[in-house]
DNA sequence: GGAGCCCCGTGACGTCTGTCATGGGCAGGT
DNA sequence: ACCTGCCCATGACAGACGTCACGGGGCTCC
């Protein structure tokens, strides 16, 4: 078996370096590139053409899901393994739709990561079964495009007038979208709707 | 120089194992214990008596700050280095007050961690200068005990009546505390007050 | 003893919020 | 052509929210 060349993307330098140290312990794995931002992933993939790219979801510049799609388009030979802190159902779904080969949460045992990488490199899919079930149960996002935008803008706690100004909408329209989102999420407050949508991974982009 | 014995506490197993791998690369460092929960820290410290304990702040069971105080009380020979994802001013302040010897955010370069551990073990203090300045500027929390509790309870987006039921208070009293907290944080909404207070690290406990 | 702060509660006021009805415009599908 | 769904907007209404004034009780510190 030849050695596998890896790319590592995580915004936290300490975690990134630690993961590199962990993977370098394996004789058949070699970390050839590290990046801290989502928009640096594609250029690094183009330059190094790694066998597997390990991508975090929460990154500045570009989120890991969108970066996954970009990697698949730029270099189909590179498999993507998404490594994230939050096991949100929507993240998993959208990662797989974007062409990821694996999805691992950051509280899986450390010794399993190398095997996950090898399996992904071999063309297999790696997904936590419990998380997969949860993803199926939660289903796809019921929120419309605008509702998602409004909820995203409502995260920092602004008033309806603020959201209207940011989104160039009428204040009444904002409240209508919010009301609809509240109904779909089963919440009773806009803040609760934001929380529930975020927990389901419906607020990406 | 003798080898330093370390304890590692982080709720995410992958990060914990990766940090262990990173630190084991140093010949003079030895990870002798790993725990995933805050309440397991003290028992592990009592059993292994490490030279340095690396503690995350966000942990189930017991937060890293409180765990720091417990470690200092149980084994004063063990120095504490807090390693956290969020560089919130209140975290730093309260960690140092609790007896921590160092405070490092997770996006510091990986190669600096080992040096930070050694410096802490030598009795020095390790603090990011920029973060220290920010902590001084932000000052201590202006929120009263009740205001903090109310803001904490308001995080999941419940109505004032919900908070009143949880905290066994009158609904009007809850709104009074919220109003006061909103004024002190400079916010215009309860949600914004929650966000600002959380960013400052005022919502621990 | 008073002064100060925090706690709890009440009542009232204006504003904001969440909901509904209703309208129009624009895309997609049978 | 029709229906359906999403978008935007308006107006109206009950309820929740944020603010203030005002009480009372407790505590500490001078």
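Chains as they are written, first to last, in the UniProt record's numbering: chain A, 1 to 205; chain B, 1 to 205. All C-beta atoms in this analysis are idealised placements derived from N, C-alpha and C, irrespective of residue type, glycine included.
Self-check item: Residues that residue 73 of chain B contacts on chain A, provided the C-beta gap is smaller than 7 angstroms
Solution: Taking the second chain and counting its residues from 1, one reaches residue 73 of chain B at position 73. In chain order: nothing, as chain A lies at least about 28 angstroms away.
Quiz item: Taking the continuous beta strand (DSSP E) assigned at residue 9 of chain B, which residues delimit it?
Solution: On the second chain, residue 9 of chain B is found 9 positions in, with the first residue counted as 1. Counting along the chain, the beta strand (DSSP E) containing residue 9 of chain B begins and ends at 4-9.
Quiz item: Taking residue 126 of chain A as the reference, which of A:204, A:141 and A:79 has the closest Cα?
Solution: For this step, residue 126 of chain A is matched to residue 126 along the first chain. The shortest C-alpha separation from residue 126 of chain A is found at A:79.
Quiz item: Any beta-carbon of chain A closer than 8 angstroms to the one on residue 27 of chain B?
Solution: Reading the second chain from its first residue, position 27 is the one you call residue 27 of chain B. It does not; no Cβ of chain A falls within 8 angstroms.
Self-check item: residue 34 of chain A: first and last residue of the uninterrupted beta strand (DSSP E) it sits in
Solution: Position 34 of the first chain, counting from 1, holds the residue named residue 34 of chain A. First-last of the beta strand (DSSP E) with residue 34 of chain A: 29-35.
Quiz item: Under a three-way DSSP split, which group does residue 117 of chain A fall into?
Solution: Position 117 of the first chain, counting from 1, holds the residue named residue 117 of chain A. If DSSP states are grouped into helix, strand and coil, residue 117 of chain A belongs with the helices.
Exercise. Look at residue 44 of chain B and residue 36 of chain B and say whether their C-beta atoms are less than 8 angstroms apart.
Key: What you label residue 44 of chain B is simply residue 44 of the second chain in a count that begins at 1. What you label residue 36 of chain B is simply residue 36 of the second chain in a count that begins at 1. No; because the gap between Cβ atoms is not below 8 angstroms, this pair is not in contact.
Quiz prompt | Contacts that residue 184 of chain A makes with chain B (C-beta to C-beta distance below 9 angstroms) | solution = Numbered from its first residue, the first chain carries residue 184 of chain A at position 184. Simply none; closest approach about 15 angstroms.
Exercise. Rounded to whole angstroms, what's the CA-CA distance from residue 102 of chain B to residue 52 of chain B? Just pull it up for me.
Key: Residue 102 of chain B sits at position 102 when you count from the first residue of the second chain. Residue 52 of chain B sits at position 52 when you count from the first residue of the second chain. The straight-line gap from Cα to Cα measures roughly 10 angstroms.
Quiz item: With distances taken between CB atoms, is the gap from residue 50 of chain B to residue 14 of chain B smaller than 8 angstroms?
Solution: Here the question's residue 50 of chain B lines up with position 50 in the second chain. Here the question's residue 14 of chain B lines up with position 14 in the second chain. Against a cut-off of 8 angstroms, the Cβ pair of residue 14 of chain B and residue 50 of chain B comes out as no contact.
Quiz prompt | Beta-carbon proximity check, residue 191 of chain A vs residue 191 of chain B, cutoff 8 angstroms | solution = Mapped onto the first chain, residue 191 of chain A falls at position 191. Mapped onto the second chain, residue 191 of chain B falls at position 191. Their beta carbons are under 8 angstroms apart, which means residue 191 of chain A touches residue 191 of chain B by this criterion.
Quiz item: For residue 113 of chain B, which of B:174, B:21 and B:98 has the nearest alpha-carbon?
Solution: As a first step, residue 113 of chain B is located in the second chain; it is residue number 113 there, counting from the start. Cα-wise, what sits closest to residue 113 of chain B is B:21.
Self-check item: Pairwise C-alpha distance: residue 160 of chain A and residue 96 of chain B
Solution: If you number the second chain from 1, residue 96 of chain B lands on position 96. If you number the first chain from 1, residue 160 of chain A lands on position 160. For residue 96 of chain B and residue 160 of chain A, the distance between alpha carbons rounds to 40 angstroms.
Quiz prompt | Residues, ordered as in the chain, of the UniProt domain "HTH luxR-type" (136-201) of chain B that lie near chain A by beta-carbon distance below 9 angstroms | solution = 154, 155, 156, 157, 158, 159, 162, 187, 188, 189, 190, 191, 192, 193, 194, 195 and 196
Practice problem: Could you list which residues in chain A have their beta carbon closer than 8 angstroms to that of residue 110 of chain B, in chain order? | Solution: In the second chain, residue 110 of chain B corresponds to position 110, counting from 1. Per Cβ cutoff of 8 angstroms: 13, 14, 16, 17, 18, 20 and 21.
Quiz item: Under a three-way DSSP split, which group does residue 155 of chain B fall into?
Solution: As a working note, residue 155 of chain B is residue 155 in the second chain. The answer is helix: DSSP assigns residue 155 of chain B an H, G or I state.
Self-check item: Rounded straight-line distance, which links the Cα of residue 105 of chain B to that of residue 116 of chain A
Solution: Translated into positions along the first chain, residue 116 of chain A becomes position 116. Translated into positions along the second chain, residue 105 of chain B becomes position 105. Those two C-alpha atoms are separated by around 28 angstroms.
Practice problem: Closer than 9 angstroms by beta-carbon distance: list the chain A residues that pair up with residue 63 of chain B, in chain order. | Solution: For the purposes of this step, residue 63 of chain B is taken as the residue at position 63 of the second chain. Residues of chain A passing the Cβ test: none, with the nearest at roughly 17 angstroms.
Quiz item: With distances taken between CB atoms, is the gap from residue 111 of chain B to residue 4 of chain B smaller than 8 angstroms?
Solution: Residue 111 of chain B sits at position 111 when you count from the first residue of the second chain. Residue 4 of chain B sits at position 4 when you count from the first residue of the second chain. Cβ atoms of residue 111 of chain B and residue 4 of chain B: not closer than 8 angstroms.
Quiz prompt | Those residues which DSSP pairs with residue 105 of chain B across a bridge | solution = Counting from one through the second chain, the residue named residue 105 of chain B turns up at place 105. Answer by DSSP bridge pairing, in chain order: B:84.
Quiz item: For residue 84 of chain A, which residues of its own chain have a beta-carbon under 8 angstroms away from its beta-carbon, when the five flanking residues on both sides are left out?
Solution: Taking the first residue of the first chain as position 1, residue 84 of chain A is located at position 84. Cβ within range, chain order: 56, 57, 58, 64, 91, 103, 104, 105 and 106.
Exercise. Would you mind working out which of A:29, A:132 and A:184 sits nearest residue 148 of chain A, comparing C-alpha positions?
Key: In the first chain, residue 148 of chain A corresponds to position 148, counting from 1. If we check each option's Cα against that of residue 148 of chain A, A:184 comes out closest.
Practice problem: Go ahead and pull the three-state DSSP assignment for residue 22 of chain B. | Solution: Within the second chain, the letter at position 22 stands for residue 22 of chain B. Helix, per DSSP.
Practice problem: Below 7 angstroms CB to CB, which residues in the same chain sit around residue 164 of chain A once its five sequence neighbours on both sides are set aside? | Solution: Residue 164 of chain A sits at position 164 when you count from the first residue of the first chain. Answer for residue 164 of chain A: 170, 171 and 174, listed in chain order.
Practice problem: State buried or exposed for residue 179 of chain B, treating a residue as buried only when at least 16 other CB atoms are found within 10 Å of its CB. | Solution: Within the second chain, the letter at position 179 stands for residue 179 of chain B. Exposed.
Quiz item: In whole angstroms, what is the alpha-carbon distance linking residue 200 of chain A and residue 143 of chain B?
Solution: Working through the first chain from its first residue, we reach residue 200 of chain A at position 200. Working through the second chain from its first residue, we reach residue 143 of chain B at position 143. Straight-line Cα distance between these residues: approximately 32 angstroms.
Quiz item: What residue from B:176, B:197, B:12 and B:205 has the CA that sits closest to residue 87 of chain A's CA?
Solution: Stepping through the first chain from its first residue, residue 87 of chain A is reached at position 87. When each option's Cα is compared against that of residue 87 of chain A, the closest is B:12.
Quiz prompt | Nearest-angstrom beta carbon gap, residue 54 of chain A and residue 9 of chain A [assumed within contact, 8 angstroms] | solution = Within the first chain, numbered from 1, the residue matching residue 9 of chain A stands at position 9. Within the first chain, numbered from 1, the residue matching residue 54 of chain A stands at position 54. Rounded, the Cβ-Cβ distance is 7 angstroms, consistent with contact.
Practice problem: Would you mind telling me which residues of chain B sit closer than 7 angstroms to residue 85 of chain A, beta carbon to beta carbon, in chain order? | Solution: Here the question's residue 85 of chain A lines up with position 85 in the first chain. Neighbours of residue 85 of chain A on chain B, chain order: 12.
Quiz item: Where residue 109 of chain B and residue 197 of chain B are concerned, what is the direct C-alpha to C-alpha distance, given to the nearest angstrom?
Solution: Numbered from 1 along the second chain, position 109 holds the residue referred to as residue 109 of chain B. Numbered from 1 along the second chain, position 197 holds the residue referred to as residue 197 of chain B. Cα-Cα distance, rounded: 28 angstroms.
Practice problem: Report all residues from its chain with a CB closer than 6 angstroms to the CB of residue 194 of chain B; omit the five preceding and five following residues, and keep chain order. | Solution: For the purposes of this step, residue 194 of chain B is taken as the residue at position 194 of the second chain. Excluding sequence neighbours, residue 194 of chain B sits near 151, 154 and 155.
Quiz item: How big is the Cα-Cα spacing for residue 158 of chain B and residue 138 of chain A?
Solution: Reading the second chain from its first residue, position 158 is the one you call residue 158 of chain B. Reading the first chain from its first residue, position 138 is the one you call residue 138 of chain A. One C-alpha to the other measures close to 22 angstroms.
Quiz prompt | Nearest residue (CA-CA) to residue 29 of chain A, options A:120, A:69, A:74 and A:166 | solution = Along the first chain, read from residue 1 onward, the residue named residue 29 of chain A stands at position 29. Comparing Cα positions, the closest option is A:120.
Quiz item: What in chain B is Cβ-close to residue 113 of chain A, meaning under 9 angstroms?
Solution: What you label residue 113 of chain A is simply residue 113 of the first chain in a count that begins at 1. 14, 17 and 18, listed in chain order.
Quiz item: List, in order along the chain, the chain B residues whose C-beta lies closer than 8 angstroms to that of residue 30 of chain A?
Solution: Locating residue 30 of chain A in the first chain gives position 30, where the first residue counts as 1. Result: empty, since nearest Cβ-Cβ is about 15 angstroms, beyond 8 angstroms.
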